[in-house]
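These notes are about the structure you will find just below.
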Amino acid sequence: MAMCFHQLSEGMGLGGCILQAKYVARMKAGLVFFFSTTTPFGIALELALTKIEVTDCYFLPRRSWPSALTTYGVVCAASFGAEMLLEVWINKRSKRTVALSGRWINDAPHALSW
107 MAMCFHQLSE GMGLGGCILQ AKYVARMKAG LVFFFSTTTP FGIALELALT KIEVTDCYFL
167 PRRSWPSALT TYGVVCAASF GAEMLLEVWI NKRSKRTVAL SGRWINDAPH ALSW
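Just so you know, the sequence shown maps onto residues 107 to 220 in this note's numbering.
Here is the structure:
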């Protein structure tokens, strides 16, 4: 349940960024497709590789099978890579805004000094 709400809020935030991006419709559709398929693909991959359900602990039980730990590591690495790419993309898009706000902040003390 928590994952559903997390994906919903993250999808709404990322969807807003994708809508504001100046890409062609095909690129926007590709971004939406990849975002909407990574989590279900990761869940399906974990279910396919894990043979026995371990219900000891809530998160990564001590008796986890190596395939479950490997799957968890691969999915985390993929999602972290996607978040880093998004971070780089957003930073490239917002450099002009940061530069303008930095200039305004640097000029503000001189404008306010008597």
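C-beta: ideal position from N, C-alpha, C; glycine also.
- Query: Using CA coordinates, which residue listed in R132, F147, S142 is at the minimum distance from S115?
  - Reply: Taking the sequence shown and counting its residues from 1, one reaches residue 115 at position 9. Measuring from the Cα of S115, the nearest candidate turns out to be S142.
- Message: When you compare the CB positions of I124 and V138, do they come within less than 9 Å of one another, or not?
- Response: Counting from one through the sequence shown, the residue named residue 124 turns up at place 18. Counting from one through the sequence shown, the residue named residue 138 turns up at place 32. Yes.
- Can the beta-carbon of V130 be found less than 9 Å from the beta-carbon of E152? One-based indexing of the sequence shown puts residue 130 at position 24. One-based indexing of the sequence shown puts residue 152 at position 46. The answer is no: Cβ separation not under 9 Å.
- Item | Straight-line Cα distance separating M118 from A135 | Taking the first residue of the sequence shown as 1, we reach residue 135 at position 29. Taking the first residue of the sequence shown as 1, we reach residue 118 at position 12. Distance between the alpha carbons of A135 and M118 is about 15 Å.
- Helix, strand or coil for K128 per DSSP? Within the sequence shown, the letter at position 22 stands for residue 128. In this structure, K128 counts as coil in the three-state DSSP scheme.
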